[in-house]
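Trainee:
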Ligand SMILES: [Fe+2]
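Residue numbers (our numbering): 2 to 394.
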């Protein structure tokens, strides 16, 4: 999305003769969304991308709702979730609605297959893990703190060189930068918390011309299908366009601060259909001597709020830890924990690091995450009450 990019060889114009060294034609493919009217790229393959040898439905992906629908604030500790598995096939669903889902995986296996999510755009926040995202668009180095944006349909494979913890967002709509951060011509405006220079694109195009049997696992119809291609899918000699995987590191987000408290939209990082993703980063606090840096209690304005704590420090919460996820649903006010408001007055800066997703429609909690639930969290605002959760550090 962010802007036009090209790698490798492309012909002088679109849709004209473009020959391989052996005299055959390269196979041109348009990849994008919204029919022929959305963002797209043109790729040039050594072999047609359509030569499927076999297909097989592997399994259905059931996202089962927590049957207890009592409205309350929730807290889950991701360290208590099952570890291991594939980075693409063993994701644990946490929360979802028809617009957005959040999943968690700490993979310990290396995928041999390539993966394609055909029903959602993905934003993968790498709490930990470095390595490379391989795709037909080239190799994209990734590192801890990256948001890796994978528009739907992009075939890819994760290659980690250090253990990864992946918070995966699956979005029904196209994931993009907020429109208010862009000029009417598409450039990121001065005053936005990042610029195009912060977006990393595939840097190295690797063309593999190899025949054989290459499995590709596609997510569609809420399940996984394996299709076997008769050649290596990374056979692209060149591409150009606006549709490709890209990365933005949370530490490249430039926080916007004020004399008094700034509302959460200043932390917005991505826009989707029916949700936003925000980044809370280390920053100086509000600098008026009478400012109260901790947020005021708020009733979610038509949104559910989910916070992933990417460090153990967060100015308004006690009892949370690195890897915690809190869910504050629409219909209930929430605010700082006891003592946090007073403690924030006069503080100069915060080292908090958190990823927030606000959905505009209610989220369902998945049964799979209940094993990691801190069931008393909803009572943790009662000072010195039975459920008060002391800070862990
Ligand atoms: Fe909030």
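Just so it is clear, CB atoms sit at the ideal spot from N, CA and C, and this is done for glycine as well.
All values reported here derive from a predicted model rather than from experimental measurement.
With distances taken between CB atoms, is the gap from residue 167 to residue 125 smaller than 8 angstroms?
Mentor: yes
Trainee: Let me check you understand the geometry: is the CB of residue 76 closer than 7 angstroms to at least one non-hydrogen atom of ligand 1?
Mentor: no
Trainee: Got a sec: does ligand 1 put a non-hydrogen atom nearer than 7 angstroms to the Cβ of residue 291?
Mentor: no
Trainee: Residue 353: beta carbon under 7 angstroms from a heavy atom of ligand 1?
Mentor: no
Trainee: Looking only at C-alpha atoms, which of 353, 139, 220 and 312 sits nearest to residue 295?
Mentor: 353
Trainee: How big is the Cα-Cα spacing for residue 362 and residue 219?
Mentor: When rounded, the distance between both Cα atoms is 27 angstroms.
Trainee: At a threshold of 7 angstroms, does residue 113 count as lining ligand 1 (C-beta to nearest heavy atom)?
Mentor: For residue 113, the shortest C-beta to heavy atom distance toward ligand 1 is 7 angstroms or greater.
Trainee: For residue 151, write down the residues that DSSP places opposite it in a beta bridge.
Mentor: DSSP output for residue 151 lists 123 as bridge partner(s).
Trainee: Are the region 320–339 and the region 272–290 touching by the rule of at least three beta carbon pairs closer than 8 angstroms?
Mentor: These segments do not touch.
Trainee: Can residue 247 and residue 366 be called in contact, C-beta distance under 8 angstroms?
Mentor: No; because the gap between Cβ atoms is not below 8 angstroms, this pair is not in contact.
Trainee: For ligand 1, is there a heavy atom less than 7 angstroms away from the beta-carbon of residue 299?
Mentor: Yes, ligand 1 has a heavy atom inside 7 angstroms of this Cβ.
Trainee: Confirm the yes/no value for this check: CB of residue 329, any heavy atom of ligand 1, distance under 7 angstroms.
Mentor: yes
Trainee: Tell me whether residue 59 sits in a helix, a strand or coil according to DSSP, three-state version.
Mentor: strand
Trainee: For the alpha helix (DSSP H) that contains residue 135, what are its first and last residues?
Mentor: First-last for residue 135: 132–136, but that is the beta strand (DSSP E), not the alpha helix (DSSP H).
Trainee: If we call anything under 8 angstroms between Cβ atoms a contact, is residue 299 one with residue 357?
Mentor: no
Trainee: What ranges does the beta strand (DSSP E) occupy inside the region 52–100, keeping only unbroken runs of at least 3 residues that lie completely in it?
Mentor: With a minimum length of 3 residues, the continuous beta strand (DSSP E) runs that stay inside the region 52–100 are 53–61, 75–78 and 93–97.
Trainee: Between the beta-carbon of residue 265 and the beta-carbon of residue 282, is there less than 8 angstroms?
Mentor: no
Trainee: Run through the DSSP bridge pairs and tell me what residue 180 is partnered with.
Mentor: None, per the DSSP bridge assignment.
Trainee: Ordered along the chain, which non-local residues of its own chain (more than five positions away) have a Cβ less than 6 angstroms from that of residue 376?
Mentor: none
Trainee: Go ahead and pull the three-state DSSP assignment for residue 305.
Mentor: strand
Trainee: Using a Cβ-Cβ cutoff of less than 7 angstroms, which residues in the same chain neighbour residue 79 once the five nearest sequence positions on both sides are dropped?
Mentor: The answer, listed in chain order, is 105, 324, 326 and 373.
Trainee: To the nearest angstrom, how far is the alpha carbon of residue 76 from that of residue 204?
Mentor: 39 angstroms
Trainee: Shorter than 7 angstroms, the distance from the beta carbon of residue 29 to the closest heavy atom of ligand 1, or not?
Mentor: No.
Trainee: Within its chain, find whatever has a CB closer than 8 angstroms to the CB of residue 132; leave out the 5 residues flanking it on each side and keep chain order.
Mentor: 142, 143, 159, 160, 161, 162, 163 and 165
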